[in-house]
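Working notes, structure below.
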DNA sequence: GTTTTTTATAAAAAATTATTGACAAAACTT
DNA sequence: AAGTTTTGTCAATAATTTTTTATAAAAAAC
């Protein structure tokens with residue numbers, strides 16, 4: 064279990080790190096949001112403990128940035144206990160929230176709870192539904208409002224890839240690399256054409272596929 | 064297909080019931096969690112549609128209680144769409160989640176998707192029938208509309224493997240690996256040829272074997 | 001407000017994939 | 001050992017999918 068601890072107070076980082084390691088995990092540290100984002104680009108953490116008030120880049124902004132390219136569970140740490148912060152935090156995809164002062168034990172319990180939840184979620188991922196769009200990756204079926212959608216192989220693969228990387232910005236290059244394979248030497252516009260077909264097959268749920276101008280696409284739910 | 068619909072609003076129960084019966088199922092109703100638990104003790108339902116906010120006993124508590132003595136697939140219906148609720152729902156063994164307002168068609172698609180997968184679990188049966196196709200895995204007999212079908216050994220093996228993995232997308236490689244064995248170094252087209260023979264022997268029930276272009280085959284019922 | 005860049009769409013061309021039948025090889029039967 | 005059945009290979013064909021290309025539309029930049 065790799066935990067990234069982001070806080071500008073070294074003492075707090077130290078205490079949390081000690082507890083994480085006591086439970087058999089590995090702790091990584093960042094002193095501010097900027098550092099946290101950088102570390103997340105380079106590493107795959109299982110969970111992030113993120114303070115809110117920090118120099119250079121605050122916790123909320125850092126989480127927002129990280130969520131653009133990776134889907135990692137986040138627990139916010141904060142001195143402020145206002146309800147407003149809490150809600151705002153949940154809105155950007157935060158999984159839990161702890162207000163300072165906290166007991167390290169409490170934080171550990173929450174880490175375990177969040178991870179367990181995420182894990183259980185992954186295992187149940189046979190059938191996923193977003194509004195009226197049902198995607199069965201094992202049976203290779205996609206339903207649009209109960210009606211079966213007939214997709215071509217590439218369309219299935221793109222959609223499944225989108226779902227597995229939902230809410231993450233994907234460049235055409237990344238899509239080509241991961242869906243087509245490293246040995247594809249075709250045009251970038253190929254992606255566009257397949258996106259067009261997929262959108263038309265998803266009918267009204269084409270809205271989930273958003274165009275990121277100058278970048279690529281994102282499956283946003 | 065026996066479906067238990069649990070919701071305190073009679074109108075919602077009515078609409079869902081109508082759709083379930085339209086698709087050939089039987090719908091049972093409960094107005095709150097208490098009733099639902101009671102009905103589950105007395106009957107064997109195939110799936111439960113459970114509202115969350117209800118008088119007397121809420122949906123989550125009801126599911127928790129029911130899961131203590133019976134393992135039935137559950138789809139939650141809820142007016143609240145907060146992510147937190149969703150996760151909490153999955154933690155107690157909920158199979159899917161629909162937020163109100165929903166279209167009944169959408170709910171039916173999810174019921175079908177969940178049941179197909181769950182149905183695959185009662186694979187320990189030795190004799191199984193799909194419409195007019197009866198497969199006796201112990202006696203090594205296959206009947207097409209009562210008529211005994213003479214299959215070759217490989218054809219039996221493929222069919223049995225299909226049945227044991229029904230509604231699951233299977234690649235040719237997986238079929239070769241599991242039916243032929245890891246030490247088979249032949250052509251991919253070999254699978255196609257045997258599928259051809261099996262299909263022709265299954266007569267009209269060849270429809271159960273669907274081709275997944277670019278992937279392989281699936282036995283879909 | 002015009003130009004440039006980027007994306008969407010449609011249709012044609014190219015490439016891929018599944019189906020099928022014919023046949024050879026292997027494995028049983030008698 | 002010859003005959004029979006089963007299994008695996010291959011290639012032609014048919015069907016479908018993917019990619020390219022051309023053009024239109026939209027967004028961003030100037």
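Chains as they are written, first to last, in my numbering: chain L, 64 to 284; chain D, 64 to 284.
Even glycine gets a Cβ: it sits at the ideal position worked out from N, Cα and C.
Exposed or buried, what is residue 73 of chain L when buried is set at 16 or more other beta-carbons lying within 10 Å of its beta-carbon? exposed
Counting C-beta neighbours from all protein chains within 10 Å, is the total for residue 93 of chain D 16 or more, i.e. buried, or is it exposed? buried
According to DSSP, which residues form a beta bridge with residue 275 of chain D? D:279
Kindly say whether residue 162 of chain L, judged by its beta-carbon, lies nearer than 8 angstroms to any beta-carbon of chain D. Not one chain D Cβ lies under 8 angstroms of residue 162 of chain L.
Quick one: what does DSSP say residue 98 of chain D is sitting in, helix, strand or coil? For residue 98 of chain D, the three-state secondary structure derived from DSSP is helix.
Cβ of residue 136 of chain L within 8 angstroms of any chain D Cβ: No, residue 136 of chain L does not count as interfacial toward chain D.
Residue nearest to residue 251 of chain L in terms of C-alpha spacing, selected from L:228, L:269, L:271 and L:278: L:278
May I have a chain-ordered list of the alpha helix (DSSP H) segments no shorter than 4 residues that lie completely inside the stretch 243-275 of chain D? 252-265
Which chain L residues are close to residue 218 of chain D, counting only those with a beta carbon under 7 angstroms from its beta carbon? None at all; the shortest Cβ gap to chain L is about 23 angstroms.
Within 8 angstroms (strictly less), CB to CB, does residue 192 of chain L reach chain D? yes
So for residue 123 of chain D, helix, strand or coil by DSSP? helix
9 angstroms Cβ cut-off: residues of chain L touching residue 252 of chain D: Correct list: empty, because the minimum Cβ distance to chain L is about 18 angstroms.
Could you pull the DSSP bridge partners for residue 193 of chain D from this structure? D:196.
Assuming contact is defined by CB atoms lying nearer than 8 angstroms, are residue 242 of chain D and residue 224 of chain D in contact in what I supplied? It is a contact, given that the beta carbons lie within the stated cut-off.
Rank L:163, L:199, L:211 and L:209 by C-alpha distance to the C-alpha of residue 226 of chain L and give the top, closest one. For the set L:163, L:199, L:211 and L:209, the Cα lying nearest the Cα of residue 226 of chain L is the one of L:199.
Against chain D, with Cβ distances strictly below 8 angstroms, would residue 147 of chain L count as a contact? Interpretation of residue 147 of chain L is limited by its pLDDT of 49, a score under 50 that renders its predicted location unreliable; no figure is taken from the coordinates.
DSSP beta-bridge partners of residue 210 of chain D: D:207
Of all the CB atoms in chain D, is at least one closer than 8 angstroms to the CB of residue 267 of chain L? No, because no Cβ of chain D sits closer than 8 angstroms to the Cβ of residue 267 of chain L.
Do we get a CB-CB distance below 8 angstroms when we pair residue 178 of chain D with the residues of chain L? no
Since residue 119 of chain L and residue 139 of chain L should fall inside the 8 angstroms C-beta cutoff, what is the C-beta to C-beta distance between them, to a whole number of angstroms? Not confirmed; about 17 angstroms, so no contact.
Report buried or exposed for residue 104 of chain L, applying the criterion of at least 16 other Cβ atoms within 10 angstroms of its Cβ. Residue 104 of chain L should be labelled exposed.
Cutoff 7 angstroms; reference residue 232 of chain L; Cβ partners in own chain excluding five residues on either side: Cβ neighbours of residue 232 of chain L beyond the five flanking positions: 131, 132, 275, 278, 279 and 281.
Cross-chain neighbours of residue 199 of chain L in chain D, by beta carbon under 7 angstroms: 176
Cβ contact (3+ pairs, closer than 8 angstroms) linking the stretch 78-87 of chain L and the stretch 156-173 of chain L: yes
Near residue 245 of chain L, which residues of its chain fall below 6 angstroms by C-beta distance, leaving aside the five closest residues on each side in sequence? none
Partner residues on chain D for residue 82 of chain L, Cβ-Cβ distance less than 9 angstroms: Within 9 angstroms Cβ-Cβ: nothing; residue 82 of chain L doesn't reach chain D, min ~24 angstroms.
Kindly list the residues whose CB is nearer than 7 angstroms to the CB of residue 258 of chain D, restricted to its own chain and excluding five residues on each side of it in sequence; keep chain order. Excluding residues within five positions, the ones whose Cβ falls inside 7 angstroms are 272 and 280.
Need the endpoints of the alpha helix (DSSP H) that residue 75 of chain D sits in, please. 73-85
In this structure, does DSSP put residue 64 of chain L in helix, strand or coil? coil
Taking a Cβ distance cut-off of 8 angstroms, strictly less, list which residues of the stretch 74-100 of chain L are near chain D, in chain order. For the stretch 74-100 of chain L, which is checked against every Cβ of chain D, not one residue is closer than 8 angstroms.
Could you pull the DSSP bridge partners for residue 162 of chain L from this structure? Answer is L:141, bridged to residue 162 of chain L.
From L:85, L:87 and L:162, pick the residue whose C-alpha is nearest to that of residue 112 of chain L; which is it? L:162
Taking 7 angstroms as the limit between beta carbons, can you name the residues of its chain near residue 247 of chain D, skipping five residues before and five after? 239
I'd like to confirm the pairing. Which residues does DSSP put opposite residue 287 of chain L in its beta bridges? Since the first and last residues shown for chain L are 64 and 284, residue 287 of chain L lies out of range.
Grouping DSSP H, G and I as helix and E and B as strand, with all else coil, what is residue 129 of chain D? Residue state, collapsed to three classes: helix.
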